[in-house]
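What follows is a single structure, written as structure tokens, with notes after it.
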Amino acid sequence: MSNEHSKGTALVTGASAGIGATYAKRLAARGYDLVLVARNKARLDALAATLSAETGRTVRTLVADLTNGDDLAKVEALLKSDVSITLLVNNAGSAALGPFATADLSRLTQEIELNIVAPTRLAHAVLPGLVSRGRGAIINIASVMSQMVQPGNSVYGGGKAYLLHLSQVLAQEVNGAGVKIQAVLPGATRTEIWNGSGVEIDQLPANIIMEVDEMVDAALAGFDQGELVTIPSLPDAADWQRLLDARAALLPNLSRNEAAPRYKTPVTA
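Letter by letter, the sequence shown follows residues 20 to 288 of the working numbering.
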């Protein structure tokens with residue numbers, strides 16, 4: 020049951036298992052009421068009952084397939100209308116890994132709907148209310164694969180790079196408004212996303228696979244520390260800062276009124 024210590028309501032997508040379910044458990048323990056969103060009603064109901072009994076929080080469920088326009092619209096409507104919502108965790112996602120030329124295009128399209136379109140629409144639905152109330156946060160679950168330009172990682176990595184970029188821009192746009200933005204970049208994490216992805220998790224070296232509890236706890240520690248980008252396995256945060264600094268150094272020369280000299284030099288046979 021809600022009480023005066025409530026931190027508001029957190030809406031978590033992909034909440035029936037894995038990272039989403041673990042976020043739900045941790046957030047309930049922190050004092051959030053919950054709206055759990057996923058496709059699997061039985062799993063959602065079981066998790067909601069357990070969390071409500073264990074923590075006393077109010078836990079609602081919303082069965083929705085975020086690749087379905089009508090279902091997505093239901094979640095958007097709730098985010099716009101429910102003023103108790105203070106946190107959106109955009110976690111739902113899928114992965115299709117493998118050569119682009121031979122990939123199932125319908126599956127890639129569905130992945131774009133789930134990994135890019137849905138979090139964009141949900142963030143757009145909740146953000147004006149958070150800003151107007153001067154309180155709240157959006158957590159976007161991206162991936163370290165956003166940084167890996169390699170065969171087999173075209174649409175998935177591209178989608179996660181989009182989500183990272185979106186988070187970085189939103190953080191600038193809401194600076195000073197009392198709203199926090201965090202992008203989480205997990206490495207290989209032991210979840211169901213690998214099942215049928217084209218790469219089975221047991222094919223990966225054991226020393227690069229993180230357990231879900233470890234990942235979510237690290238991500239929430241980064242959230243508490245006010246990080247915009249949290250990479251749970253990265254030992255030295257200065258490594259990420261060096262990447263940001265290198266990109267910033269490019270800015271003065273990315274757009275100029277003349278082409279670079281090397282493009283004006285005739286090519287000799």
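Each residue gets a CB set at the ideal place from its N, CA and C atoms; glycine is no exception.
query: Under the assumption that Leu247 contacts Gln166 (Cβ atoms under 8 Å), give the Cβ distance between them as a whole number of angstroms.; result: About 15 Å separates the two Cβ atoms, so there is no contact after all.
query: Considering just the uninterrupted stretch of the alpha helix (DSSP H) at Ile38, what are its terminal residues?; result: 37-48
query: Where Ala257 and Ile250 are concerned, what is the direct C-alpha to C-alpha distance, given to the nearest angstrom?; result: 12 Å
query: Determine whether the beta carbon atoms of Glu106 and Gly33 lie at a separation below 8 Å.; result: One detail in the question is off: residue 106 reads as Leu in this sequence, not Glu. Contact flag unset, no.
query: Kindly confirm or deny that the segment 179-196 and the segment 224-232 touch, where touching means at least three C-beta pairs closer than 8 Å.; result: no
query: Among all the DSSP beta bridges, which residues are the ones paired with Asn110?; result: Answer is none; Asn110 lacks a bridge partner.
query: Please report the straight-line C-alpha distance between Thr121 and Gly217, rounded to a whole angstrom.; result: 12 Å
query: Relative to the ligand MG, is the shortest distance from any of its heavy atoms to the C-beta of Leu66 smaller than 7 Å?; result: As presented, the structure is devoid of all ligands, the ligand MG included, so that no description of it is given.
query: Give every residue of the same chain whose Cβ lies closer than 7 Å to the Cβ of Thr41, excluding the five residues on either side of it in the sequence, and list them in chain order.; result: Val231, Asp232, Val235
query: Alpha carbon to alpha carbon, what distance is there between Thr284 and Glu277?; result: 13 Å
query: Touching or not, the segment 35-49 and the segment 83-100, by the rule of three or more beta carbon pairs under 8 Å?; result: no
query: Take the Cβ of Ala43 as the centre, count every other Cβ of all protein chains shown within 10 Å, and call the residue buried at 16 or more, exposed below.; result: buried
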